[in-house]
Amino acid sequence: MAVNNDIFLGSGASLTMIPELDLKIILDSSSTATQLVADALWTDNVRMVENLYVGCVVELYDAGESTTERHSVHVVTSNDTTSFTISPAHNITVADATDFIIVRGYGAPAPTTKTGSIARLSADNWLGVLESATFPNLEVEMKQNNLSLGFGRNFTHQYKGIETASGGNLAVVANHGTWLYYALGKCTQINATFTGSSSLDPADIRTAHANNVHYLDIGETATAKAFSDNITGFTSTGPLFYRTAKDSTFMIPPVANQDTATHMALLTLPSFNASGVLQNPIKYTFAEADGEELPSFGLEQNVSKLEASNPYRTGDTTLTTESHNFVRIARGNRVNTLTMTANENEEVKMTLDLNSRAVHKLKTNEAYEGKAGQSEIADLFNFGSGSNTLAATGEESLEPFFFSSGSFTIFGEQFLKITNMTLTINNNLQDRRFIGVGNKSVKTGIPSQRNYEISFTALVTDNKLFEELLDQIEEGTSNLITLQFDKNAPDGTLNEQILLKFQDYFLSSANVTIPEDKGPVTIEGTVMPRKLNTCEVRTHWILQG
(Lines of atoms letter the chains of each structure in order from A and count residues from 1; the text may use other names and numbers.)
(Lines give C-alpha, C1' and ligand atoms only; values in the text may rest on other atoms or scores of the structure.)
Protein backbone atom coordinates (compact mmCIF):
# COMPACT_ATOMS: atom_id res chain seq x y z
CA MET A 1 0.00 0.00 0.00
CA ALA A 2 1.28 3.45 -0.91
CA VAL A 3 2.18 5.80 1.91
CA ASN A 4 2.83 9.52 2.02
CA ASN A 5 6.50 9.31 1.08
CA ASP A 6 5.93 6.99 -1.90
CA ILE A 7 6.83 8.82 -5.11
CA PHE A 8 4.65 9.13 -8.18
CA LEU A 9 6.64 7.78 -11.13
CA GLY A 10 6.37 8.31 -14.85
CA SER A 11 5.65 4.60 -15.18
CA GLY A 12 2.18 5.34 -13.83
CA ALA A 13 1.55 8.48 -15.90
CA SER A 14 -0.97 8.47 -18.75
CA LEU A 15 -2.26 11.16 -21.10
CA THR A 16 -5.51 10.52 -22.94
CA MET A 17 -8.00 12.53 -24.94
CA ILE A 18 -11.57 13.49 -24.05
CA PRO A 19 -13.92 14.58 -26.85
CA GLU A 20 -15.68 17.91 -26.31
CA LEU A 21 -19.05 17.88 -28.02
CA ASP A 22 -22.43 19.52 -27.50
CA LEU A 23 -24.29 17.65 -24.75
CA LYS A 24 -28.07 17.43 -25.00
CA ILE A 25 -29.45 16.83 -21.50
CA ILE A 26 -33.16 16.38 -20.84
CA LEU A 27 -34.31 18.14 -17.67
CA ASP A 28 -36.19 17.05 -14.58
CA SER A 29 -39.15 19.07 -13.32
CA SER A 30 -37.34 19.65 -10.02
CA SER A 31 -35.23 22.27 -11.83
CA THR A 32 -35.42 25.82 -10.50
CA ALA A 33 -34.77 29.23 -12.03
CA THR A 34 -31.03 28.95 -11.38
CA GLN A 35 -30.50 25.19 -11.08
CA LEU A 36 -31.06 22.83 -14.01
CA VAL A 37 -31.40 19.20 -12.92
CA ALA A 38 -30.81 16.32 -15.34
CA ASP A 39 -33.50 13.67 -15.75
CA ALA A 40 -33.37 10.18 -14.25
CA LEU A 41 -32.05 8.38 -17.35
CA TRP A 42 -29.03 10.71 -17.38
CA THR A 43 -28.33 10.51 -13.65
CA ASP A 44 -28.86 6.73 -13.62
CA ASN A 45 -26.00 6.41 -16.13
CA VAL A 46 -23.79 9.47 -15.63
CA ARG A 47 -22.18 11.09 -12.61
CA MET A 48 -20.69 14.45 -13.58
CA VAL A 49 -17.36 15.70 -12.27
CA GLU A 50 -18.08 18.54 -9.87
CA ASN A 51 -17.49 22.07 -11.19
CA LEU A 52 -15.88 20.77 -14.36
CA TYR A 53 -18.31 22.70 -16.55
CA VAL A 54 -17.88 26.15 -14.99
CA GLY A 55 -17.87 28.78 -17.72
CA CYS A 56 -19.61 26.58 -20.30
CA VAL A 57 -22.43 28.06 -22.34
CA VAL A 58 -25.86 26.48 -21.83
CA GLU A 59 -28.77 26.90 -24.23
CA LEU A 60 -32.21 26.28 -22.69
CA TYR A 61 -35.04 24.94 -24.85
CA ASP A 62 -38.71 25.20 -23.85
CA ALA A 63 -40.28 22.26 -25.71
CA GLY A 64 -43.73 23.83 -25.43
CA GLU A 65 -42.37 26.82 -27.31
CA SER A 66 -39.87 25.27 -29.76
CA THR A 67 -37.46 22.35 -29.90
CA THR A 68 -35.30 24.01 -32.56
CA GLU A 69 -35.12 27.62 -31.36
CA ARG A 70 -33.47 28.17 -27.99
CA HIS A 71 -35.42 30.03 -25.34
CA SER A 72 -32.45 31.57 -23.55
CA VAL A 73 -28.66 31.38 -23.13
CA HIS A 74 -26.84 31.04 -19.81
CA VAL A 75 -23.41 30.40 -18.31
CA VAL A 76 -22.60 27.60 -15.86
CA THR A 77 -21.33 29.07 -12.58
CA SER A 78 -21.05 25.68 -10.84
CA ASN A 79 -22.19 22.10 -11.22
CA ASP A 80 -22.60 19.11 -8.96
CA THR A 81 -22.94 15.48 -9.99
CA THR A 82 -26.51 15.83 -11.32
CA SER A 83 -27.22 19.51 -12.02
CA PHE A 84 -25.95 22.88 -13.26
CA THR A 85 -26.18 26.23 -11.52
CA ILE A 86 -26.57 28.96 -14.13
CA SER A 87 -26.53 32.72 -14.53
CA PRO A 88 -28.69 34.62 -15.29
CA ALA A 89 -31.85 32.90 -14.06
CA HIS A 90 -34.35 31.61 -16.62
CA ASN A 91 -38.07 32.37 -16.60
CA ILE A 92 -39.84 29.14 -17.58
CA THR A 93 -41.42 26.32 -15.61
CA VAL A 94 -39.41 23.26 -16.58
CA ALA A 95 -41.59 20.43 -17.86
CA ASP A 96 -40.51 16.93 -16.91
CA ALA A 97 -38.77 14.92 -19.66
CA THR A 98 -39.53 17.40 -22.47
CA ASP A 99 -37.56 20.59 -21.83
CA PHE A 100 -33.83 20.26 -22.33
CA ILE A 101 -30.50 22.06 -22.44
CA ILE A 102 -27.57 22.00 -24.82
CA VAL A 103 -24.21 22.37 -23.08
CA ARG A 104 -22.00 23.77 -25.82
CA GLY A 105 -18.95 21.64 -26.47
CA TYR A 106 -16.15 24.18 -25.97
CA GLY A 107 -14.63 23.38 -22.58
CA ALA A 108 -17.19 20.62 -21.88
CA PRO A 109 -15.43 17.21 -21.73
CA ALA A 110 -17.86 14.42 -22.54
CA PRO A 111 -18.74 12.20 -19.58
CA THR A 112 -19.31 8.49 -19.88
CA THR A 113 -21.12 5.88 -17.84
CA LYS A 114 -20.34 5.87 -14.15
CA THR A 115 -19.37 2.83 -12.11
CA GLY A 116 -21.47 2.81 -8.96
CA SER A 117 -21.05 6.28 -7.45
CA ILE A 118 -17.75 6.93 -9.21
CA ALA A 119 -17.63 9.52 -12.01
CA ARG A 120 -15.92 8.93 -15.34
CA LEU A 121 -15.16 10.99 -18.40
CA SER A 122 -14.73 9.66 -21.95
CA ALA A 123 -10.98 9.68 -21.32
CA ASP A 124 -10.38 6.33 -22.98
CA ASN A 125 -9.39 7.95 -26.30
CA TRP A 126 -5.88 7.18 -27.52
CA LEU A 127 -3.91 10.20 -28.72
CA GLY A 128 -1.95 8.29 -31.36
CA VAL A 129 1.79 7.68 -31.56
CA LEU A 130 2.74 10.38 -29.07
CA GLU A 131 6.44 11.25 -29.16
CA SER A 132 6.34 13.85 -26.38
CA ALA A 133 3.76 15.97 -24.62
CA THR A 134 3.55 18.94 -22.29
CA PHE A 135 0.39 19.09 -20.23
CA PRO A 136 -0.94 22.67 -19.95
CA ASN A 137 0.54 24.36 -16.90
CA LEU A 138 -1.38 26.65 -14.61
CA GLU A 139 0.20 30.07 -14.09
CA VAL A 140 -1.10 32.10 -11.15
CA GLU A 141 -0.64 35.86 -11.15
CA MET A 142 0.69 37.17 -7.83
CA LYS A 143 -0.42 40.60 -6.59
CA GLN A 144 1.66 42.35 -3.91
CA ASN A 145 0.75 45.76 -2.50
CA ASN A 146 1.94 48.13 0.21
CA LEU A 147 -1.49 49.78 0.70
CA SER A 148 0.28 53.13 1.24
CA LEU A 149 1.20 52.01 4.74
CA GLY A 150 4.55 51.89 6.47
CA PHE A 151 5.46 48.97 8.70
CA GLY A 152 8.88 48.36 7.14
CA ARG A 153 10.17 47.55 3.67
CA ASN A 154 8.23 44.28 3.24
CA PHE A 155 4.99 44.11 1.28
CA THR A 156 1.95 44.76 3.42
CA HIS A 157 -0.51 42.55 1.55
CA GLN A 158 -0.53 39.95 -1.21
CA TYR A 159 -3.14 37.90 -3.01
CA LYS A 160 -3.54 35.77 -6.11
CA GLY A 161 -4.93 37.17 -9.36
CA ILE A 162 -6.09 35.40 -12.49
CA GLU A 163 -5.09 31.85 -13.33
CA THR A 164 -4.00 31.03 -16.87
CA ALA A 165 -3.60 27.60 -18.46
CA SER A 166 -0.83 27.69 -21.06
CA GLY A 167 2.02 25.78 -22.65
CA GLY A 168 0.13 22.67 -23.79
CA ASN A 169 1.91 20.83 -26.58
CA LEU A 170 1.53 17.48 -28.33
CA ALA A 171 4.23 16.08 -30.60
CA VAL A 172 2.95 13.06 -32.50
CA VAL A 173 4.38 10.73 -35.09
CA ALA A 174 1.60 10.84 -37.67
CA ASN A 175 -0.12 7.47 -37.96
CA HIS A 176 -3.28 9.33 -39.03
CA GLY A 177 -4.10 12.80 -40.31
CA THR A 178 -7.26 13.74 -38.43
CA TRP A 179 -5.41 16.30 -36.27
CA LEU A 180 -5.86 18.58 -39.28
CA TYR A 181 -9.57 18.81 -38.38
CA TYR A 182 -8.73 20.60 -35.13
CA ALA A 183 -6.45 23.05 -36.93
CA LEU A 184 -8.80 23.80 -39.84
CA GLY A 185 -12.15 23.62 -38.06
CA LYS A 186 -14.67 21.80 -40.28
CA CYS A 187 -15.41 18.42 -41.84
CA THR A 188 -17.59 18.82 -44.92
CA GLN A 189 -17.74 15.28 -46.30
CA ILE A 190 -17.25 11.70 -45.13
CA ASN A 191 -16.85 8.58 -47.23
CA ALA A 192 -17.23 5.25 -45.44
CA THR A 193 -19.24 2.04 -45.49
CA PHE A 194 -22.55 1.98 -43.62
CA THR A 195 -25.54 -0.26 -43.08
CA GLY A 196 -28.90 1.24 -42.31
CA SER A 197 -32.41 0.06 -41.41
CA SER A 198 -35.01 0.84 -38.77
CA SER A 199 -33.86 -2.17 -36.74
CA LEU A 200 -30.39 -0.60 -36.42
CA ASP A 201 -31.58 2.86 -35.39
CA PRO A 202 -30.89 4.09 -31.84
CA ALA A 203 -33.90 3.47 -29.61
CA ASP A 204 -33.75 7.13 -28.57
CA ILE A 205 -31.19 9.93 -28.41
CA ARG A 206 -29.26 8.15 -25.65
CA THR A 207 -29.75 4.45 -26.32
CA ALA A 208 -28.09 2.57 -29.19
CA HIS A 209 -29.51 -0.64 -30.64
CA ALA A 210 -26.48 -2.62 -29.40
CA ASN A 211 -23.23 -2.32 -27.45
CA ASN A 212 -20.07 -0.88 -28.99
CA VAL A 213 -21.54 0.65 -32.14
CA HIS A 214 -20.78 3.79 -34.13
CA TYR A 215 -23.23 5.99 -36.01
CA LEU A 216 -23.19 8.94 -38.38
CA ASP A 217 -26.16 11.18 -39.20
CA ILE A 218 -26.31 10.93 -42.99
CA GLY A 219 -28.98 13.61 -43.38
CA GLU A 220 -31.75 11.22 -44.48
CA THR A 221 -33.44 8.04 -43.35
CA ALA A 222 -30.60 5.64 -42.64
CA THR A 223 -29.81 3.33 -45.54
CA ALA A 224 -26.77 1.37 -46.65
CA LYS A 225 -23.96 3.54 -48.02
CA ALA A 226 -20.85 2.53 -49.94
CA PHE A 227 -17.45 4.19 -49.71
CA SER A 228 -18.13 5.82 -53.07
CA ASP A 229 -21.15 7.70 -51.66
CA ASN A 230 -20.38 11.26 -50.58
CA ILE A 231 -22.06 11.94 -47.24
CA THR A 232 -22.59 15.59 -46.30
CA GLY A 233 -25.75 15.56 -44.16
CA PHE A 234 -23.97 15.74 -40.79
CA THR A 235 -22.98 18.91 -38.92
CA SER A 236 -19.58 20.03 -40.21
CA THR A 237 -18.40 21.22 -36.79
CA GLY A 238 -19.46 18.02 -35.03
CA PRO A 239 -20.58 15.76 -33.61
CA LEU A 240 -19.32 13.59 -36.46
CA PHE A 241 -19.35 9.93 -35.42
CA TYR A 242 -21.35 8.90 -32.36
CA ARG A 243 -20.21 6.02 -30.19
CA THR A 244 -21.49 4.17 -27.17
CA ALA A 245 -19.71 3.90 -23.86
CA LYS A 246 -17.59 0.75 -23.94
CA ASP A 247 -19.65 -2.42 -23.47
CA SER A 248 -22.82 -0.34 -23.16
CA THR A 249 -25.72 0.95 -25.25
CA PHE A 250 -25.54 4.40 -23.65
CA MET A 251 -24.52 6.96 -26.28
CA ILE A 252 -21.91 9.61 -25.52
CA PRO A 253 -22.73 12.23 -26.51
CA PRO A 254 -26.51 11.86 -26.85
CA VAL A 255 -27.81 12.57 -30.34
CA ALA A 256 -27.44 16.33 -30.84
CA ASN A 257 -30.45 18.55 -31.35
CA GLN A 258 -29.64 19.12 -35.02
CA ASP A 259 -29.35 15.37 -35.69
CA THR A 260 -32.06 12.70 -35.89
CA ALA A 261 -32.02 9.18 -34.45
CA THR A 262 -33.67 7.71 -37.57
CA HIS A 263 -30.91 9.23 -39.72
CA MET A 264 -28.19 7.31 -37.89
CA ALA A 265 -26.42 4.92 -40.26
CA LEU A 266 -24.33 2.17 -38.66
CA LEU A 267 -20.62 2.34 -39.49
CA THR A 268 -18.94 -0.79 -40.81
CA LEU A 269 -15.72 -0.79 -38.85
CA PRO A 270 -12.38 -0.50 -40.65
CA SER A 271 -10.25 -3.63 -40.58
CA PHE A 272 -7.04 -5.05 -42.03
CA ASN A 273 -7.16 -8.35 -43.89
CA ALA A 274 -4.49 -11.04 -43.79
CA SER A 275 -2.59 -9.26 -46.57
CA GLY A 276 -2.45 -6.02 -44.60
CA VAL A 277 -4.97 -4.21 -46.82
CA LEU A 278 -7.30 -1.76 -45.08
CA GLN A 279 -10.94 -2.75 -45.53
CA ASN A 280 -13.79 -0.23 -45.16
CA PRO A 281 -11.59 2.86 -44.74
CA ILE A 282 -12.94 6.27 -43.77
CA LYS A 283 -12.16 9.38 -45.80
CA TYR A 284 -12.68 12.82 -44.28
CA THR A 285 -12.76 16.07 -46.23
CA PHE A 286 -11.74 18.99 -44.02
CA ALA A 287 -12.21 22.69 -44.71
CA GLU A 288 -11.50 26.07 -43.17
CA ALA A 289 -13.83 27.36 -40.45
CA ASP A 290 -14.08 31.14 -40.59
CA GLY A 291 -16.33 31.78 -37.59
CA GLU A 292 -15.46 32.19 -33.93
CA GLU A 293 -15.72 28.47 -33.21
CA LEU A 294 -12.93 25.93 -33.57
CA PRO A 295 -13.28 22.32 -32.39
CA SER A 296 -11.73 21.56 -29.03
CA PHE A 297 -10.87 18.55 -26.93
CA GLY A 298 -9.97 17.72 -23.35
CA LEU A 299 -6.86 16.06 -21.97
CA GLU A 300 -6.72 13.86 -18.89
CA GLN A 301 -3.37 13.51 -17.13
CA ASN A 302 -3.53 10.55 -14.80
CA VAL A 303 -0.57 9.76 -12.53
CA SER A 304 -1.01 6.58 -10.51
CA LYS A 305 1.15 4.73 -7.99
CA LEU A 306 -0.24 1.53 -9.56
CA GLU A 307 -0.62 -0.15 -6.18
CA ALA A 308 -4.35 -0.04 -5.44
CA SER A 309 -6.76 -2.70 -6.68
CA ASN A 310 -8.31 0.02 -8.85
CA PRO A 311 -5.16 2.00 -9.71
CA TYR A 312 -6.89 4.80 -11.65
CA ARG A 313 -9.48 5.74 -9.03
CA THR A 314 -9.34 8.76 -6.76
CA GLY A 315 -11.13 9.57 -3.55
CA ASP A 316 -10.86 6.13 -1.97
CA THR A 317 -11.93 7.19 1.51
CA THR A 318 -11.23 3.73 2.93
CA LEU A 319 -7.51 4.50 2.74
CA THR A 320 -5.87 6.15 5.72
CA THR A 321 -3.03 7.44 3.57
CA GLU A 322 -2.91 9.80 0.64
CA SER A 323 -4.53 9.11 -2.73
CA HIS A 324 -2.96 6.55 -5.01
CA ASN A 325 -3.88 8.64 -8.02
CA PHE A 326 -3.37 12.25 -9.12
CA VAL A 327 -5.59 13.58 -11.91
CA ARG A 328 -5.65 16.87 -13.82
CA ILE A 329 -8.06 17.70 -16.62
CA ALA A 330 -7.24 20.35 -19.23
CA ARG A 331 -10.39 21.40 -21.06
CA GLY A 332 -11.13 23.58 -24.03
CA ASN A 333 -7.91 22.75 -25.89
CA ARG A 334 -7.92 24.43 -29.29
CA VAL A 335 -5.07 24.11 -31.77
CA ASN A 336 -3.29 27.44 -32.00
CA THR A 337 -0.51 26.18 -34.27
CA LEU A 338 -0.12 22.89 -36.11
CA THR A 339 3.27 22.12 -37.63
CA MET A 340 3.67 19.12 -39.93
CA THR A 341 7.23 18.14 -40.78
CA ALA A 342 8.67 15.60 -43.19
CA ASN A 343 12.43 15.34 -42.86
CA GLU A 344 14.81 13.15 -44.80
CA ASN A 345 14.77 9.52 -43.60
CA GLU A 346 12.18 10.23 -40.88
CA GLU A 347 8.52 9.71 -40.14
CA VAL A 348 6.00 12.45 -40.83
CA LYS A 349 5.44 14.31 -37.56
CA MET A 350 2.88 16.79 -36.28
CA THR A 351 3.34 19.23 -33.42
CA LEU A 352 0.30 20.92 -31.90
CA ASP A 353 0.61 24.03 -29.75
CA LEU A 354 -2.55 24.29 -27.69
CA ASN A 355 -4.64 27.11 -26.31
CA SER A 356 -6.31 25.70 -23.18
CA ARG A 357 -9.41 27.16 -21.57
CA ALA A 358 -8.78 25.91 -18.03
CA VAL A 359 -7.08 23.20 -15.98
CA HIS A 360 -9.32 21.41 -13.49
CA LYS A 361 -8.22 19.55 -10.38
CA LEU A 362 -10.59 17.18 -8.65
CA LYS A 363 -11.91 18.01 -5.20
CA THR A 364 -10.34 16.27 -2.23
CA ASN A 365 -11.79 12.75 -1.95
CA GLU A 366 -13.91 13.21 -5.09
CA ALA A 367 -14.73 9.77 -6.48
CA TYR A 368 -13.40 9.56 -10.03
CA GLU A 369 -11.93 6.86 -12.26
CA GLY A 370 -9.37 7.86 -14.86
CA LYS A 371 -9.09 6.58 -18.44
CA ALA A 372 -12.80 5.66 -18.24
CA GLY A 373 -11.74 2.60 -16.27
CA GLN A 374 -9.62 1.09 -19.05
CA SER A 375 -6.50 -0.56 -17.66
CA GLU A 376 -5.22 -2.08 -20.92
CA ILE A 377 -3.64 -0.05 -23.72
CA ALA A 378 -5.40 -2.22 -26.28
CA ASP A 379 -8.80 -1.17 -24.93
CA LEU A 380 -8.32 2.53 -25.61
CA PHE A 381 -10.62 3.92 -28.30
CA ASN A 382 -8.94 4.04 -31.73
CA PHE A 383 -5.91 2.05 -30.57
CA GLY A 384 -6.89 -1.04 -32.50
CA SER A 385 -6.15 -4.38 -30.90
CA GLY A 386 -8.86 -5.33 -28.44
CA SER A 387 -10.81 -2.10 -28.84
CA ASN A 388 -14.20 -1.52 -30.40
CA THR A 389 -12.86 0.62 -33.23
CA LEU A 390 -11.24 -1.93 -35.53
CA ALA A 391 -13.14 -4.99 -36.64
CA ALA A 392 -9.85 -6.86 -36.83
CA THR A 393 -6.51 -6.16 -35.25
CA GLY A 394 -3.92 -4.61 -37.51
CA GLU A 395 -0.45 -3.45 -36.61
CA GLU A 396 -0.73 -1.45 -39.82
CA SER A 397 -2.90 1.06 -37.96
CA LEU A 398 0.09 1.94 -35.77
CA GLU A 399 2.43 2.47 -38.73
CA PRO A 400 3.33 6.13 -39.29
CA PHE A 401 3.49 7.95 -42.58
CA PHE A 402 7.07 8.24 -43.83
CA PHE A 403 8.95 10.98 -45.63
CA SER A 404 9.76 8.55 -48.41
CA SER A 405 6.07 8.05 -49.22
CA GLY A 406 5.43 11.74 -49.83
CA SER A 407 5.27 14.01 -52.85
CA PHE A 408 5.47 17.79 -53.17
CA THR A 409 4.17 19.70 -56.19
CA ILE A 410 4.53 23.46 -56.66
CA PHE A 411 4.34 25.79 -59.69
CA GLY A 412 2.94 22.88 -61.67
CA GLU A 413 5.97 20.65 -61.16
CA GLN A 414 6.64 17.77 -58.79
CA PHE A 415 9.92 18.36 -56.99
CA LEU A 416 11.89 15.14 -56.63
CA LYS A 417 14.89 16.46 -54.72
CA ILE A 418 13.19 17.72 -51.54
CA THR A 419 15.15 16.85 -48.38
CA ASN A 420 12.76 18.32 -45.82
CA MET A 421 9.44 20.11 -45.71
CA THR A 422 7.47 21.93 -43.00
CA LEU A 423 3.84 23.06 -43.13
CA THR A 424 2.64 25.49 -40.47
CA ILE A 425 -1.02 26.36 -39.85
CA ASN A 426 -1.45 29.19 -37.35
CA ASN A 427 -4.86 30.24 -35.99
CA ASN A 428 -3.47 33.12 -33.88
CA LEU A 429 -5.89 32.49 -31.02
CA GLN A 430 -6.48 35.47 -28.74
CA ASP A 431 -7.33 35.02 -25.05
CA ARG A 432 -10.41 36.81 -23.75
CA ARG A 433 -12.20 36.72 -20.39
CA PHE A 434 -15.80 37.73 -19.78
CA ILE A 435 -17.92 39.09 -16.94
CA GLY A 436 -20.32 36.61 -15.37
CA VAL A 437 -18.30 33.43 -15.79
CA GLY A 438 -17.87 33.12 -12.04
CA ASN A 439 -14.33 31.79 -12.16
CA LYS A 440 -11.03 33.59 -12.65
CA SER A 441 -9.43 30.52 -14.27
CA VAL A 442 -11.69 30.32 -17.32
CA LYS A 443 -10.72 32.05 -20.56
CA THR A 444 -11.79 31.81 -24.18
CA GLY A 445 -9.45 31.36 -27.15
CA ILE A 446 -10.89 33.28 -30.11
CA PRO A 447 -9.49 32.70 -33.62
CA SER A 448 -8.09 35.66 -35.54
CA GLN A 449 -5.92 35.86 -38.68
CA ARG A 450 -5.16 32.44 -40.15
CA ASN A 451 -1.69 31.93 -41.65
CA TYR A 452 -0.18 29.19 -43.78
CA GLU A 453 3.52 28.78 -44.38
CA ILE A 454 5.35 26.04 -46.23
CA SER A 455 9.13 25.89 -46.01
CA PHE A 456 11.34 23.34 -47.71
CA THR A 457 14.93 22.49 -48.56
CA ALA A 458 15.75 21.03 -51.96
CA LEU A 459 18.75 20.20 -54.08
CA VAL A 460 19.10 22.65 -56.96
CA THR A 461 18.44 21.21 -60.42
CA ASP A 462 17.48 24.44 -62.27
CA ASN A 463 16.74 28.12 -61.61
CA LYS A 464 12.93 27.78 -61.60
CA LEU A 465 12.48 28.71 -57.94
CA PHE A 466 14.68 31.79 -58.18
CA GLU A 467 12.68 32.96 -61.19
CA GLU A 468 9.43 32.49 -59.24
CA LEU A 469 10.84 34.59 -56.40
CA LEU A 470 10.98 37.56 -58.78
CA ASP A 471 7.52 36.90 -60.26
CA GLN A 472 4.97 39.59 -59.31
CA ILE A 473 1.88 37.58 -60.27
CA GLU A 474 0.26 35.39 -57.62
CA GLU A 475 -0.22 31.72 -58.43
CA GLY A 476 -3.98 31.09 -58.35
CA THR A 477 -5.78 27.79 -58.81
CA SER A 478 -4.11 26.55 -61.99
CA ASN A 479 -0.89 25.39 -60.28
CA LEU A 480 -1.81 24.26 -56.79
CA ILE A 481 0.69 23.38 -54.09
CA THR A 482 0.11 19.68 -53.39
CA LEU A 483 1.39 17.76 -50.38
CA GLN A 484 0.61 14.06 -50.36
CA PHE A 485 1.66 11.23 -48.05
CA ASP A 486 0.57 7.62 -48.56
CA LYS A 487 0.60 4.42 -46.54
CA ASN A 488 0.44 1.36 -48.76
CA ALA A 489 -0.19 -2.30 -48.09
CA PRO A 490 2.62 -4.77 -48.91
CA ASP A 491 1.02 -5.38 -52.32
CA GLY A 492 1.00 -1.64 -53.08
CA THR A 493 -2.71 -1.06 -52.40
CA LEU A 494 -3.40 2.36 -50.93
CA ASN A 495 -4.35 2.04 -47.26
CA GLU A 496 -4.23 5.57 -45.85
CA GLN A 497 -3.45 9.03 -47.17
CA ILE A 498 -3.00 12.68 -46.23
CA LEU A 499 -3.67 15.05 -49.13
CA LEU A 500 -3.37 18.85 -48.88
CA LYS A 501 -3.69 21.42 -51.66
CA PHE A 502 -3.19 25.17 -51.39
CA GLN A 503 -3.89 28.02 -53.78
CA ASP A 504 -3.12 31.74 -54.16
CA TYR A 505 0.54 31.76 -53.20
CA PHE A 506 3.85 33.52 -53.69
CA LEU A 507 7.36 32.26 -53.11
CA SER A 508 8.59 34.64 -50.42
CA SER A 509 12.21 33.47 -50.11
CA ALA A 510 14.66 31.29 -52.01
CA ASN A 511 18.10 31.14 -50.41
CA VAL A 512 20.77 29.29 -52.38
CA THR A 513 23.53 27.70 -50.31
CA ILE A 514 26.82 26.52 -51.81
CA PRO A 515 28.53 24.16 -49.34
CA GLU A 516 32.21 24.43 -48.43
CA ASP A 517 32.72 20.71 -49.06
CA LYS A 518 31.68 21.16 -52.72
CA GLY A 519 28.65 18.93 -52.18
CA PRO A 520 25.14 19.46 -53.58
CA VAL A 521 23.93 23.04 -53.91
CA THR A 522 20.72 23.52 -51.92
CA ILE A 523 17.90 26.02 -51.92
CA GLU A 524 15.78 26.92 -48.91
CA GLY A 525 12.36 28.13 -49.99
CA THR A 526 9.35 29.58 -48.18
CA VAL A 527 5.86 29.75 -49.67
CA MET A 528 2.95 31.74 -48.22
CA PRO A 529 -0.41 30.42 -49.48
CA ARG A 530 -3.51 32.46 -48.73
CA LYS A 531 -6.09 29.69 -48.98
CA LEU A 532 -6.60 25.99 -48.50
CA ASN A 533 -7.99 24.34 -51.61
CA THR A 534 -8.36 20.70 -50.52
CA CYS A 535 -7.73 18.60 -47.43
CA GLU A 536 -8.56 14.90 -47.53
CA VAL A 537 -7.59 12.27 -44.99
CA ARG A 538 -8.11 8.57 -45.69
CA THR A 539 -7.71 6.58 -42.48
CA HIS A 540 -8.85 3.92 -40.03
CA TRP A 541 -9.41 6.59 -37.35
CA ILE A 542 -12.94 7.27 -36.06
CA LEU A 543 -13.30 10.99 -35.40
CA GLN A 544 -16.07 12.13 -33.09
CA GLY A 545 -15.42 15.83 -33.60
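For the sequence shown, the numbering used here gives the first residue as 456, with consecutive numbering after it.
All C-beta atoms in this analysis are idealised placements derived from N, C-alpha and C, irrespective of residue type, glycine included.
Note that the structure is a prediction, hence the values are computed from the model and not measured.
Would residue i and residue j be called neighbours here (beta carbons separated by less than 8 angstroms)?
i	j	result
K804	V628	yes
F649	K680	yes
L724	L671	no
E505	K818	yes
T532	G931	no
K872	I617	no
E922	F961	no
Y697	H669	yes
P591	G622	yes
V528	E514	yes
I547	L491	no
L935	Q904	no
F889	W581	no
S485	A620	no
With a 10 Å radius around its C-beta and 16 neighbouring C-beta atoms as the bar for buried, classify residue i as buried or exposed.
i	result
M456	Below a pLDDT of 50, predicted positions are generally treated as unreliable, and M456, at 43, falls in that range; no measurement from the model is reported.
R789	buried
P543	exposed
M719	buried
V897	buried
L464	exposed
Y516	buried
Y767	buried
I737	buried
S466	exposed
With a threshold of 6 angstroms on Cβ separation, who are the neighbours of residue i within its own chain once the five nearest residues in sequence on each side are excluded?
i	result
T981	S910, S963 and S964
N624	T589 and D808
L576	I473, P564 and P566
N881	T792 and N906
F940	V803, F856, S860, G861 and I953
I573	A822 and E824
G640	A744 and L749
T553	A518
S587	A626
A663	P657, T699, T704 and M706
W634	M805
Per DSSP, what kind of secondary structure is residue i in: helix, strand or coil?
i	result
T960	The question names Thr, but residue 960 is Tyr in the sequence shown. Note: Y960 maps to strand in three-state DSSP.
N500	helix
Y907	strand
I969	coil
K760	coil
Y561	coil
G753	strand
F858	helix
L491	strand
A658	coil
G688	coil
F836	strand
S577	coil
S538	strand
S527	strand
T740	strand
G828	helix
Check the C-beta distance from residue i over to residue j and give it rounded, since I have them as a contact under 8 angstroms.
i	j	result
P694	A716	With 8 angstroms as the limit, P694 and A716 do not qualify as a contact, their Cβ atoms being about 13 angstroms apart.
E854	N630	6 angstroms
D477	V595	Incorrect: roughly 31 angstroms between the Cβ atoms, too far for contact.
E801	V782	Incorrect: roughly 34 angstroms between the Cβ atoms, too far for contact.
F752	E475	5 angstroms
Q829	D499	That pair is no contact at about 22 angstroms.
Taking 7 angstroms as the cut-off, is the CB of residue i close to at least one heavy atom of the ligand MG?
i	result
K738	Among the components of this structure there are no ligands whatsoever, and the ligand MG is therefore not found.
Tell me which same chain residues have a C-beta within less than 8 angstroms of the C-beta of residue i, skipping the five on either side of it?
i	result
E868	K919
T643	T687, S691, T740, F741 and A742
What residues in its chain sit with their C-beta under 7 angstroms from that of residue i, if we drop five residues either side in the sequence?
i	result
D535	E505
P945	S730 and G731
G583	V627, N630 and H631
G605	none
D461	K760
G891	V530 and S542
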